[in-house]
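Residue numbers (my numbering): 21 to 173. Ideal Cβ placement from N, Cα and C applies to all residues, glycine included.
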Amino acid sequence: MGRWPPAALGVTFRRVPESIYTGGCLCGAVRYEARGVARYVCYCHCESCRRAAGAALVPWATFERAQLRITHGTLAGYPSSAGVLRGFCSACGTSLTYQSEARAADVDIAVASLDEPAALAPRMHLWVQDKLPWLPISDGLPQYPAGLGDEDG
Ligand SMILES: [Zn+2]
Ligand SMILES: [Zn+2]
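Here it is, written out as structure tokens:
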């Protein structure tokens, strides 16, 4: 049997490697891996994220919750709003995940906790009504005053 596909077709069939995103907290006690596709990648300007991360804004990537696996340590949880659980490292405090009952199949992962955060660029700004006045937005990305309609910070 000859090669398939024939070289003349100019195509090769290759298993596309599944995307695996790894990351973890500052001290290394909590490590995770997320597989699949990040459905949304956003900047969140809400006050809750700001305080949870101690940062002016927080980039998040949304994955299927079933695709996130904690590979080392234990994710601690803090219910920052009704139906919301923020995951963090109890040793160093790094903010790692956000889960909302309003999006029960999703988990948001803090992009800045990824080993290769440059791979997931935010595509929009959420909760711009909470944005700090000294933080300019000049990237041309869409801006939404609040969330995408299903929750609050
Ligand atoms: Zn840690
Ligand atoms: Zn937020």
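Separation of residue j from residue i, as counted between CA atoms
i: S100; j: R106; result: 7 Å
i: H65; j: R143; result: 14 Å
i: I157; j: R70; result: 16 Å
i: A139; j: E38; result: 14 Å
i: S133; j: Y118; result: 13 Å
Where the beta strand (DSSP E) through residue i begins and ends
i: E84; result: V78 to E84
i: L146; result: M144 to L146
i: I90; result: L88 to H92
Three-state class that DSSP yields for residue i in the structure shown
i: V50; result: coil
i: M21; result: Bear in mind that the predicted position of M21 carries a pLDDT of just 47, short of 50, making it unreliable; the figure below should be weighed with that in mind. In the structure shown, M21 sits in coil (DSSP, three-state: anything other than H, G, I, E or B).
i: V57; result: coil
i: R106; result: strand
i: A166; result: coil
i: A132; result: helix
i: P156; result: coil
N-terminal and C-terminal residue of the alpha helix (DSSP H) that residue i is part of
i: S68; result: E67 to A73
For residue i, the residue or residues it bridges with in DSSP
i: S120; result: V104
i: S19; result: Outside the displayed span of the chain (21 to 173) sits residue 19, for which this structure offers no information.
> Would you say the segment 127 to 139 touches the segment 77 to 85, given that touching needs at least three Cβ pairs under 8 Å?
Replying inline: yes
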